[in-house]
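Colleague:
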Amino acid sequence: MTPSPSLARNEPPRVFVEKVKGALRIAAIDRQAHNLGLHPGLALTDARARVPNIAAEDMDPAADNAFIDRMADFCDRYTPFIANDHPHGLILDITGCAHLFNGEENLRQDLLTRLKKGGAEAHASIAGTPDTARALARFGGRAIALSDEETMAVTSLPAMAIGTSPETITALARAGLKTIGDVTRQPRQPLAARFGEAFIVQLSRTLGEKDARINARRPVPPYMAEQRFAEPIAHEDDMLATLNALCLQIARLLETRGEGGRRFEATFFRTDGRISRIDVETGRPQREPGVIMRLFRERLAALADPLDSGFGFDLIRLAVIDGDSFIPVQTGLDSTDNDEEEVAALTDRLSTRFGTTAVKRFVAVDTHIPEGAAYAGAALRVKDAAAWEMPVGETVPARPIHLFDPPQPIEALAEVPDGPPLKFRWRRMVHDIARAEGPERIAAEWWRHDGLTRDYYRVEDSAGHRYWVFREGLYGTEAVRPHWFLHGVFA
Amino acid sequence: MQAELIALRKELAALEQQASSDHTSETFSFGFAPADKVLGGGLALGGLHEVFAAQQADLGAATGFITALTLRAAMDTQAIVWVRQSYAGQETGRLYAPGLASLGCDPDRVILVELRDALDVLRAGLEAVRCAALGAVIIEPWGEPKVLDFTASRRLALAAAQSGVTVFLLRPGAVPQHSAAQTRWQVSAGASTPLAAGAPGFPVFDITLLRQRTGTPGQHWHLEWDHEQHIFRQPAGLPPLSRPVVPLPLRRQASAPEQANDPIPIARAQ
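Respectively, the protein sequence lines represent chains A and B. Read in our numbering, the first sequence has 462 at position 462, and its numbers run on one by one without any break. Read in our numbering, the second sequence has 1155 at position 155, and its numbers run on one by one without any break.
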């Protein structure tokens, strides 16, 4: 696919250049440049010598990729199963989708018309295997090759369509094998001996004898429901009503398989090809349409830039991205169960409104390094309740309630080099230490090869503030002048 | 027109009273008998309680105190939502789960919501307060954001009264001001009773009751938190201490119900 700039008469031919081994060479050209006999690979100076007035621009692969991505998003309306075919192609698996568009030819026409309207010139072919389709689309073969006519369809294509290395193509050309048909007429054994087994595999794939799997760019959702509109809708109420109807459909689908969804994604396809995706996540598998709708409403209300309907949406799709088994429970008798349910619903709502990463739960990690021993992870992703070490009996809190990460450097004064500090200065304040306990020695994890041993002290200053300070590095062996840090504040 | 307005106002007032009488009549014990007496039986369940740190350095103590009060207010297994402005985390350090555990609060019960914007903090707090299944909600905005005015605190108090969920406002970097809170506290760290070999002991708080809606403010206590029984107690080796540190306002109605059986005579201005 090539984005075609407006072909105004007075516009100069446009080429895109990139630096190859110190020379600027043409990487891509527009149709006008092509008609003038320029081609990719030509040095820019040579091209200028032939056609003085060309407009040269730097190649921008990132922008190309972004464009292809937008195309792929757009193609989501035909099938959820789409793969990127680098550098500038897309493979759509339309198995079971063609009937929605009244047949393959109609689907292909629809796709090409819409792309053309969006300003992209594209070629498309439909065949039984991805490699055959690619060869047909790239080298101008027929539009549709049914599964028994693939071999015939590709025979007239140039050998380059096999999609192997340029060296192999050159070697084939030297042997006088110009088309795929020429190649297939040769016995395979010598070909394999000459060009390797991979070539034979590629050849049989191109001929449609072997199928190849494609990697979908987005995982194909296990559940999907969609609604197409002959007349695009733009009103928010209509959108929400549609979404509600889709939620009901999905709920029924989920119910038949005894599952619930943990992530739902609504995709809005605008008539001009732009699409918007909105997803909501729940902590527990969910299939209650009311609950899902409520989350979607929250999400829509919290959007920084609201859904722009433009000229309207002509397709709305709801998909379950993550499903999980869902066991319906009878509620109403046990109040604690209800409480848990309500708290889970609150977590969902807060996560939807303020972002999944803003709502957290504490996770315990099995390590002695204090800053690694606990972290707060997104509540919706944290699965199991952690077993926290609760104090037993008369034990003074050994860990601070506030922890600085990274630890704050302090200047400390100790009576003896490896003793507890006498006073320290932190944030421009000097703290005289009245009581201290320690050291609690926490060594670095030897299998990580970094960090020094820390000697932790619980200290209390003359005003009653309790701090957790440590000296990094054992005096004499690990550090000449160990540094002091304040790691936390006790209650 | 005027009459209608007055009638409407009356109606609103009646509604509010109805709403606030829903849950606020129930109380939870402070966990220290003399304090309960001063508080008229305890702190209001489904009320709004504000906690200030005397100085920035006392934020650890204030956080510990609020954790302790939360444990008093919430039932044993109920979830606690802690909404925190993320700036607080940068300034005072992150909330450390093992530290919470060491005060007797199971970190598994805590749902931590960290947000950048003060308005979002209040919104999330309000949303949480409306969920009656929670044990308590702690809201910790940083400093004195404009959005947290009297109306905002009133809104929180009303929502709390309706759902019966107690709300604690932790106010790091703020000075006490007029708000709809039922009680207002100021906390600073107190010197602990040393253990053997001069080790720092159990957490001790210097607590001042700055305001309470139904009784005498200005009480001061020096208390140690017992994380095992979830109560406050007098640190060993200190005389019992409960006295007003600020004189009472002149024209206050002398009808505080507990006044008669107050153990310590209160010096009262004429």
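Every residue, glycine too, gets a C-beta built ideally from N, C-alpha and C. From a predicted model like this one, the values you see are computed outputs, not experimental measurements.
1) Specify, as a first and last residue, the run of the alpha helix (DSSP H) that Phe-1150(B) falls within.
2) Using Cβ-Cβ distances below 9 Å, what residues of the stretch 1193 to 1214 of chain B are close to chain A?
3) Where do the ends of the beta strand (DSSP E) carrying Ile-316(A) lie?
4) If you measure beta-carbon to beta-carbon, which residues of the stretch 1093 to 1117 of chain B are closer than 8 Å to chain A?
5) Taking 8 Å as the threshold, find out whether the stretch 1090 to 1099 of chain B comes into contact with the stretch 1186 to 1206 of chain B through three or more Cβ pairs.
6) Excluding five sequence neighbours on each side, which residues of the same chain lie with their C-beta closer than 8 Å to the C-beta of Pro-1240(B)?
7) How many Å lie between Arg-1243(B) and His-1222(B) at the Cα?
8) Quick check: what's the CA-CA separation for Gly-1031(B) versus Thr-1214(B)?
9) Taking Cβ positions only, does Leu-350(A) come closer than 8 Å to chain B?
10) Is any beta-carbon of chain B found at less than 8 Å from that of Lys-423(A)?
11) Output yes if chain B places a C-beta closer than 8 Å to the C-beta of Thr-356(A); else output no.
12) Considering only residues of the same chain and omitting the five flanking positions on each side of Thr-1024(B), which have a CB-CB separation below 8 Å?
13) Compute the Euclidean distance between the alpha carbons of Arg-31(A) and Arg-14(A), then round it to the nearest angstrom.
14) Just how far apart, CA to CA, sit Asp-69(A) and Pro-219(A)?
15) Rounded to whole angstroms, what is the Cα-Cα separation between Asp-314(A) and Met-293(A)?
16) Establish whether the CB of Tyr-1127(B) and some CB of chain A are separated by less than 8 Å.
17) According to DSSP, which residues form a beta bridge with Ser-276(A)?
18) In chain B, which residues lie less than 7 Å from Phe-81(A) when you measure between Cβ atoms?
19) Please list the segments of the alpha helix (DSSP H) lying wholly inside the stretch 1017 to 1091 of chain B, counting only runs of 4 or more residues, in order along the chain.
20) With a threshold of 16 other CB atoms inside 10 Å of the CB of Leu-413(A), please say whether the residue is buried or exposed.
21) Measuring CA to CA, which of Val-1167(B), Arg-1184(B), Leu-1071(B) and Asp-1206(B) is closest to Thr-1216(B)?
22) Is the shortest distance between the beta-carbon of Gly-1047(B) and the beta-carbons of chain A less than 8 Å?
23) Near Asp-455(A), which residues of its chain fall below 7 Å by C-beta distance, leaving aside the five closest residues on each side in sequence?
24) In the DSSP assignment, find the alpha helix (DSSP H) that holds Arg-1123(B) and state where it starts and stops.
25) Have a look at Val-154(A) and Pro-166(A) and give me their C-alpha separation to the nearest angstrom.
26) Are the CB atoms of Arg-1123(B) and Ser-1163(B) nearer to each other than 8 Å?
27) Could you tell me which chain A residues have their CB closer than 9 Å to the CB of Gly-1143(B), listed as they occur along the chain?
28) Measure the alpha-carbon distance for Asp-211(A) versus Ala-127(A) and round it to whole angstroms.
29) Determine the contact status of Val-1081(B) and Phe-1168(B), defining contact as a CB-CB distance below 8 Å.
30) So that I know if they touch, is there some Cβ in chain B lying closer than 8 Å to that of Phe-485(A)?
31) What is the rounded straight-line gap between the Cα of Ile-401(A) and the Cα of Gly-1060(B)?
32) May I ask which residues mark the beginning and end of the alpha helix (DSSP H) holding Thr-95(A)?
33) Rounded to the nearest angstrom, what separates Lys-423(A) and Tyr-375(A) at their Cα positions?
34) To which residues does DSSP link Glu-259(A) through a beta bridge?
35) Residues of chain A with a CB under 8 Å from the CB of His-1227(B): which are they?
36) Skipping 5 residues on each side, what residues in its chain have a beta carbon closer than 7 Å to that of Pro-158(A)?
Modeller: Result, derived from the coordinates:
1) Against the second sequence, residue 1150(B) aligns to sequence position 150. Segment 1150 to 1163, the alpha helix (DSSP H) holding Phe-1150(B).
2) Pro-1194, Leu-1195, Ala-1197, Gly-1198, Ala-1199, Pro-1200, Gly-1201, Phe-1202, Pro-1203, Val-1204, Phe-1205 and Asp-1206
3) Here the question's residue 316(A) lines up with position 316 in the first sequence. Here the beta strand (DSSP E) through Ile-316(A) covers 313 to 325.
4) Gly-1093, Arg-1094, Leu-1095, Tyr-1096, Ala-1097, Pro-1098, Gly-1099, Leu-1100, Ala-1101, Ser-1102, Leu-1103, Gly-1104, Asp-1106, Pro-1107, Asp-1108, Val-1110, Ile-1111, Leu-1112, Val-1113, Glu-1114 and Leu-1115
5) no
6) Along the second sequence, one-based indexing puts residue 1240(B) at 240. Residue confidence is low: Pro-1240(B) scores 47 on pLDDT, short of 50, so the model does not pin down where it sits. Its coordinate-derived value is still stated next. Only Pro-1034 and Gln-1234 meet the Cβ criterion.
7) Your numbering for residue 1243(B) matches position 243 in the second sequence. Your numbering for residue 1222(B) matches position 222 in the second sequence. Residue placement at Arg-1243(B) cannot be trusted, given a pLDDT of 47 that sits under 50; what the coordinates show is reported in the next sentence. Inter-residue distance for Arg-1243(B) and His-1222(B) is about 11 Å (C-alpha atoms, whole angstroms).
8) For the purposes of this step, residue 1031(B) is taken as the residue at position 31 of the second sequence. For the purposes of this step, residue 1214(B) is taken as the residue at position 214 of the second sequence. Distance between the alpha carbons of Gly-1031(B) and Thr-1214(B): 19 Å.
9) Counted from its first residue, the first sequence places residue 350(A) at position 350. Yes, because at least one Cβ of chain B sits closer than 8 Å to the Cβ of Leu-350(A).
10) For the purposes of this step, residue 423(A) is taken as residue 423 along the first sequence, with counting starting at 1. No, no contact with chain B.
11) Taking the first residue of the first sequence as position 1, residue 356(A) is located at position 356. Judged by the 8 Å Cβ criterion, Thr-356(A) is not in contact with chain B.
12) Indexing the second sequence from 1 puts residue 1024(B) at position 24. Because the pLDDT of Thr-1024(B) is 49, which lies under 50, any placement of that residue in the model is unreliable, and the question is left without a value.
13) Position 31 of the first sequence, counted from the first residue, corresponds to residue 31(A). Position 14 of the first sequence, counted from the first residue, corresponds to residue 14(A). Approximately 9 Å between the Cα atoms of the pair.
14) Counting from one through the first sequence, the residue named residue 69(A) turns up at place 69. Counting from one through the first sequence, the residue named residue 219(A) turns up at place 219. Each residue's Cα considered, the two are about 15 Å apart.
15) Residue 314(A) sits at position 314 when you count from the first residue of the first sequence. Residue 293(A) sits at position 293 when you count from the first residue of the first sequence. The alpha-carbon atoms of Asp-314(A) and Met-293(A) are separated by roughly 20 Å.
16) Position 127 of the second sequence, counted from the start, is the residue given in the question as residue 1127(B). First, the residue type needs correcting, since residue 1127(B) is Glu and not Tyr in the sequence shown. By this cut-off, Glu-1127(B) is an interface position.
17) Here residue 276(A) corresponds to residue number 276 of the first sequence, with the count starting at 1. Answer is Phe-268(A), bridged to Ser-276(A).
18) As a position in the first sequence, residue 81(A) is number 81, starting the count at 1. None at all; the shortest Cβ gap to chain B is about 38 Å.
19) 1033 to 1038 and 1059 to 1073
20) Position 413 of the first sequence, counted from the start, is the residue given in the question as residue 413(A). Under this definition Leu-413(A) is an exposed residue.
21) Numbered from its first residue, the second sequence carries residue 1216(B) at position 216. The shortest C-alpha separation from Thr-1216(B) is found at Arg-1184(B).
22) In the second sequence, the residue the question calls residue 1047(B) occupies position 47. Taking Cβ atoms only, chain A never reaches closer than 8 Å to Gly-1047(B), which makes this a no.
23) Mapped onto the first sequence, residue 455(A) falls at position 455. Result list for Asp-455(A): Gly-438, Pro-439, Arg-441, Phe-470 and Arg-471, in chain order.
24) Position 123 of the second sequence, counted from the first residue, corresponds to residue 1123(B). That run of the alpha helix (DSSP H) goes 1118 to 1129.
25) One-based indexing of the first sequence puts residue 154(A) at position 154. One-based indexing of the first sequence puts residue 166(A) at position 166. Val-154(A) and Pro-166(A): Cα-Cα distance of roughly 19 Å.
26) Residue mapping note: residue 1123(B) aligns to position 123 of the second sequence, counting from 1. Residue mapping note: residue 1163(B) aligns to position 163 of the second sequence, counting from 1. Not closer than 8 Å, so no.
27) Within the second sequence, the letter at position 143 stands for residue 1143(B). Those do not exist, as Gly-1143(B) stays about 17 Å from chain A at its closest Cβ, beyond 9 Å.
28) Taking the first residue of the first sequence as position 1, residue 211(A) is located at position 211. Taking the first residue of the first sequence as position 1, residue 127(A) is located at position 127. Roughly 11 Å separates the two Cα atoms.
29) Counting from one through the second sequence, the residue named residue 1081(B) turns up at place 81. Counting from one through the second sequence, the residue named residue 1168(B) turns up at place 168. The answer is no: Cβ separation not under 8 Å.
30) The count along the first sequence starts at 1 and reaches residue 485(A) at position 485. Judged by the 8 Å Cβ criterion, Phe-485(A) is not in contact with chain B.
31) Within the first sequence, residue 401(A) is the residue found at index 401, counting from 1. Within the second sequence, residue 1060(B) is the residue found at index 60, counting from 1. Roughly 7 Å between the two C-alpha positions.
32) As a working note, residue 95(A) is residue 95 in the first sequence. Per DSSP, Thr-95(A) belongs to no alpha helix (DSSP H) and is neither H nor E.
33) Taking the first sequence and counting its residues from 1, the one referred to as residue 423(A) is at position 423. Taking the first sequence and counting its residues from 1, the one referred to as residue 375(A) is at position 375. The alpha-carbon atoms of Lys-423(A) and Tyr-375(A) are separated by roughly 31 Å.
34) Residue mapping note: residue 259(A) aligns to position 259 of the first sequence, counting from 1. According to DSSP, Glu-259(A) shares a beta bridge with Ser-325(A).
35) Start at 1 with the first residue of the second sequence, and residue 1227(B) comes out as number 227. Simply Pro-391 and Pro-397.
36) Stepping through the first sequence from its first residue, residue 158(A) is reached at position 158. Here the set comprises Phe-139, Lys-178 and Thr-179.
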